[in-house]
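J.: Numbering (the working numbering), first residue to last: 5 to 980.
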C-alpha cells in the first residue's frame, strides 16, 4: 500500500506525541534486542520452567487447616511421621492370598522400612494375626499396608518419595498371580503433577496451532501471523524465564496449576494485546494515516487499555496470594509476575516490533477493515437499548438458572486419566474394598492420664460407638474394635456366659462327686452289713467263750484230781523210778527207756494242770470282755447308719444343685453366643487381666500412644469421602465425640480429626473464604483501575457489574455443559480459579470498548457508541475468540480440572465477548446516557447541535471546523 498524504492528528489527540511512544518508535530495534537478551539470559540462567517446578514446587497442604494440624499432631504423638504424604501398597491376587503372598509382602515391607530418606513410617497390620483381618478384603484376595512418606503433598520431596516407593515395590519379584500397586493420596498427587508437566507441552503446541489458524483467518496474511506469533513467543519465553529464574532462587514458589495457567495466560494475553496493537494500527492505516501516525494513534488508543488490562489480570491474580489454601495461593505470585512481564513486553516489545515491521512495510493491512456489520449492531443497540438489554439478561439467565443445581467433586481420582498408576491401584482396590477404605479419617483424643485401664476403655468404646452410629459412617477401628466390630468376648453378657462355661467345665466333676457319694453310701451299707455279721459272730464267740470257760473250770478240777492220783502213784513207785534214772544204759534198753518215758509223761501232767489253771483264769477274763465287745458293735452300726443318711442327703442336695446349675448354664451359654454373634456393643467391658495379654499388648501399640495418654480411631465412610456427603460427616463426628466424653474422665480432652473428608472440609470452607477474599480484593482493584482509566465511577461500576453478571452466567453455562450434559461434576477448584480469572480477563474487552466510547464521545453519545462499536467490534471479537480458544485448548490437558477451568473461562470469554461487550454494555451505556460518564460532564449530542437555532447544520459545521473535514469513522480530522 502506498503511503498516503499525512493526516492531521485526531481532535482528542495532542499534536506532539508523548515521550514514551516517541522513544519506543525511535529505539524500536534496540528494544527488540533487549527483549531477546532478556529471554536468552533468563532461560539460560535457570533451568526450564518444568524442570524448576519439579524441584521447587510448593506443598499443596493447607498448613493452617485444622485437619492438617491434626494429622501432624497424630504423627508427632505416636512418633511416626511429620508429613501428610501417605500412600497405600496394595496386593491383589487372582485367588486368596497365601503363604507366598505373605513372603512377598514381608519382603516389600522390609525394603520399604530400610529407605529412611523417603519413608517415615509403615503401618503394618497384615503381618500381625491380631490385626490382619482389618487390612484384608472379605474375599481374601487383596491386602494393603499404609506408608507415610517424607514431604508434604505437592512438594518436590513428596513426589520424589512417591517415585522412590514405586521403585522399591517394582524391585521385588512378585509371585505368579499376584500384583502390587502403589496408590493413595500421595502417589495420586505425584501423578497429577507429572500429568500436568506433560500436559503443558501438549497444550502449548495445540494453542499455537489454534492461534496460527485464527490469526490467518482474521488477517489473511502469513507475514502478519508470523510477526504476531513471534511477539507472543518472545513474551511467553520472557515470562517463563523470569518466573523460572525467581523460583529457582526460591524467591517464589511454583505448582502444577501455576505452570499451566501461566503459560496459557501469557499466550492468550500476549495474543490479545498483539491483536489490540495490530488491529488499531490497521484501523488507522485503513483511514489513511501514515505508518508513523498510525503508530501513535495505536499507542494512544491501546496503551492504557493494555496497561489497565494487564494490571487488572496481574492484580487479580496476585490477590490469590491473600488466600490461605496453597492451591490458590501458589497461583498468585507466578501468574502475576508472568502477566507483568507480558504487559511490559506488550507495551514496549509489541510497538517496537510493529515499528520495525512497518519500516519494511510488512504490517500494512491486506484488506479494508469491515465495519458495516458492527455499525448495524451498534445502530440497533442505541435504537432499542431496553429490549436488547432484556434479551441479554434472558441469555444470561440460561446460565444463572443452572447455578442452583451446582454440585462439586473433591476426588482427584476423577480428574486424572484412568491409566495413571495411582488410579490403576485405586481401581484394583475398588474390586475388593469399599470405596472409602483407602481414604479413612484419623481421629485422636488426647487426655491428661494413662488410658490403659478398664475404666478408660469403657469411655473409649463409648466414643467409638457414638461415632459408628453416625449416619454415613461404615467402620470405626480402634483398640476396642481393631477389625471394625467389637472385640470378641468383650461384653458383660458374654463374660457372664463365660463364667457359666467354667461351671459347665466343672459340671462333670460335680456329677462324678455325686456319683462318689452314692458309691460311698454303698460301701457304708456293706460296712453295716459286715458289722451286723461281726456282731453275730462276736456274740457267738462270746457264748462259745463262756461255755469254754465253764468247761475249762471243770477240766481244772479233773486235772487237779488226776494230779493228786498221779502223785500218789509217783510216791509209791519212786524207788523203782529211781532205778530207771540211775541206769546208764537205759537208753539202749527198750523196756527201760519205755518205762522211763512213762515216768517223764507223768511229770508233764503237773505242768499241764498248771497251764490249764492259767488258761481258766484267762478265759474268765475273756468271758467278761466278750459281752463288752458285743455291746460296742450296735453303736457303730447306728453311727454308720447316720453317716449313710447324711451321705444320701448330700447326694440329693448335690444333684439338685447340679441340675439347677445345668439349667442356668444352658441359658447363659445361649446368652453368650447371642452377644458374640450379634456384635452387640451395649455392655462393653474388658477385665484387668486382658491388659496382661501379650496379643493385646501388640494391639495397644497400634492405637494407644507410647505414653498411654492418647488414643486414635480410624474411621471409614460408607461412601466416597471426597464428596459433599462425605464432608458433611465431619461436624457430626466432632459433635458425637464431644457428647460422648461429656461428664466422663475424658471431659476437656483435646480432639484431633484429620483425613480425606476432614481435609476437603477445610478446603471447602477455605475455598469459600479465599474466594470471598480474593474476589472482593480483585473486584475492588479492578474497580479502582477502571475508575482511574475511565475517570467515571458509573462506567467503572458498569464494567465490574457486567463482569460479575458474566461470571454467574458463564459458570452456570459450565455447570450446564459439564454436569448436566457430560455428566461430570466440576472440580472444587474450578469455581475459585475460573471466577478470579474471568473477573480479571472479562473486564478487558469492556475496558477497550468504553475507551473507544470515550474517544468517540465528541460525536455524541449515540453516534459515538455506534462508531466505537464499528471501530472496535472486529478487533475485540477477534481478541476474545482467540483468548477463549486458547483457554479451550486446556481440553487437551491430561488434567481434567484444567480442562474444566479452561472451558469455563472460554465460555465466560465467549459470553463476555459476544453478549456483554457487544450488547449488554452498549445498551446500558445508552440507557444511562450522560450519567454513564458521571462525574464527568459530557454532551449527549455533538457541539454543533448547540448552534442549531442560529443556522443550518452545514453552516454551523463550517463555522466550527473551518478548514478541517470530519471523516465518517474513527473520529479523525484532515486539512481540506
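Every residue, glycine too, gets a C-beta built ideally from N, C-alpha and C.
Can you pull the DSSP bridge partners for residue 485?
T.: Beta-bridge pairing links residue 485 to 482.
J.: Starting from residue 412, follow its DSSP beta bridges and name the residues at the other end.
T.: Beta-bridge pairing links residue 412 to 830.
J.: Can you check whether the CB of residue 759 is closer than 9 Å to the CB of residue 71?
T.: Contact flag set, yes.
J.: Take residue 478 as the anchor and find which of 443, 217 and 357 has the nearest alpha-carbon.
T.: Taking only the C-alpha atoms, the option nearest residue 478 is 443.
J.: With which residues is residue 95 paired in a DSSP beta bridge?
T.: Its beta-bridge partners are 147 and 184.
J.: Use the C-beta contact count for residue 89: other C-beta atoms within 10 angstroms, 16 or more gives buried, fewer gives exposed.
T.: Classification of residue 89: buried, given that the 10 Å Cβ count is 16 or more.
J.: Can you give me the C-alpha to C-alpha distance between residue 977 and residue 922, rounded to a whole angstrom?
T.: Residue placement at residue 977 is flagged as unreliable, the pLDDT there being 38, under the threshold of 50; the coordinate-derived value follows with that caveat. Residue 977 and residue 922: Cα-Cα distance of roughly 27 Å.
J.: Would you check if the distance between the CB atom of residue 812 and the CB atom of residue 407 is smaller than 9 Å?
T.: Yes; because the gap between Cβ atoms is below 9 Å, this pair is in contact.
J.: What does residue 446 pair with, by DSSP beta-bridge criteria?
T.: DSSP, once it has assigned bridges, lists 718 and 758 as partnering residue 446.
J.: Exposed or buried, which one is residue 190 when buried takes at least 16 other CB atoms within 10 Å?
T.: Classification of residue 190: buried, given that the 10 Å Cβ count is 16 or more.
J.: Quick one: is residue 568 buried, meaning 16 or more other Cβ sit within 10 Å of its Cβ, or exposed?
T.: Classification for residue 568: exposed.
J.: Going along the chain, which residues of its own chain have a beta-carbon closer than 8 Å to the beta-carbon of residue 457, five neighbours each way excluded?
T.: Within the same chain, residue 457 has close Cβ partners 692 and 695.
J.: For residue 90, which residues does DSSP report across the bridge?
T.: DSSP lists 152 as partners of residue 90.
J.: Going by CA-CA distance only, name the one from 316, 263 and 319 that's closest to residue 334.
T.: With distances taken between Cα atoms, residue 334 lies closest to 263.
J.: Could you give the C-beta distance for residue 331 and residue 261, rounded to a whole number, given that I count them as a contact under 8 Å?
T.: Rounded, the Cβ-Cβ distance is 7 Å, consistent with contact.
J.: Please confirm whether residue 440 and residue 725 have their CB atoms less than 9 Å apart.
T.: Yes, they are a contact pair.
J.: To the nearest angstrom, how far is the alpha carbon of residue 730 from that of residue 164?
T.: Rounded to the nearest angstrom, the two C-alpha atoms are 30 Å apart.
J.: Below 8 Å CB to CB, which residues in the same chain sit around residue 215 once its five sequence neighbours on both sides are set aside?
T.: 233, 236, 271, 275, 886, 889 and 890, listed in sequence order.
J.: By a C-beta neighbour count over all protein chains shown, 10 Å radius and 16 as the cutoff for buried, is residue 367 buried or exposed?
T.: The residue in question, residue 367, is buried, as its Cβ has 16 or more Cβ neighbours within 10 Å.
J.: Can you give me the C-alpha to C-alpha distance between residue 24 and residue 421, rounded to a whole angstrom?
T.: Cα to Cα, the separation comes out at about 50 Å.
J.: For residue 126, does the three-state DSSP call read helix, strand or coil?
T.: Note: residue 126 maps to strand in three-state DSSP.
J.: Does the beta-carbon distance from residue 345 to residue 194 come in below 9 Å?
T.: No, they are not a contact pair.
J.: On a Cα-Cα basis, can you pick out the residue from 169, 357 and 158 that is closest to residue 198?
T.: Cα-wise, what sits closest to residue 198 is 158.
J.: Where residue 336 and residue 764 are concerned, what is the direct C-alpha to C-alpha distance, given to the nearest angstrom?
T.: Rounded to the nearest angstrom, the two C-alpha atoms are 21 Å apart.
J.: According to DSSP, what are the bridge partners of residue 706?
T.: None, per the DSSP bridge assignment.
J.: Going straight from the alpha carbon of residue 858 to that of residue 385, what length do you get?
T.: Distance between the alpha carbons of residue 858 and residue 385: 17 Å.
J.: If we ignore side chains and look at the alpha-carbon of each, how far apart do residue 343 and residue 204 end up?
T.: So the alpha carbons of these two residues sit roughly 17 Å apart.
J.: For residue 654 and residue 629, what's the separation of their Cα atoms in angstroms?
T.: Roughly 38 Å between the two C-alpha positions.
J.: Based on the DSSP output, what are the partners of residue 477 in its beta bridges?
T.: For residue 477, which the question treats as bridged, DSSP gives the partners 721.
J.: Confirm, please, whether the CB-CB distance from residue 174 to residue 829 is below 9 Å.
T.: Cβ atoms of residue 829 and residue 174: not closer than 9 Å.
J.: Note the first and the last residue of the continuous alpha helix (DSSP H) segment covering residue 903.
T.: Counting along the chain, the alpha helix (DSSP H) containing residue 903 begins and ends at 900 to 915.
J.: Which residue wins for smallest C-alpha separation from residue 60, given the options 100, 249 and 67?
T.: The residue with the shortest Cα to Cα distance from residue 60 is 249.
J.: Roughly how many whole angstroms lie between the Cα atoms of residue 15 and residue 28?
T.: Annotation note: pLDDT 43 at residue 15 (below 50); position unreliable, no value reported.
J.: Would you mind sorting residue 328 into buried or exposed? The rule is 16 or more other CB atoms within 10 Å of its CB.
T.: Residue 328 should be labelled buried.
J.: Excluding the 5 residues flanking residue 419 on each side, which residues of the same chain have their C-beta closer than 7 Å to its C-beta?
T.: Around residue 419: 831, 899, 900 and 901.
J.: Whole alpha helix (DSSP H) runs in the stretch 773 to 832 with 4 or more residues, listed along the chain?
T.: Qualifying alpha helix (DSSP H) stretches, in chain order: 797 to 819.
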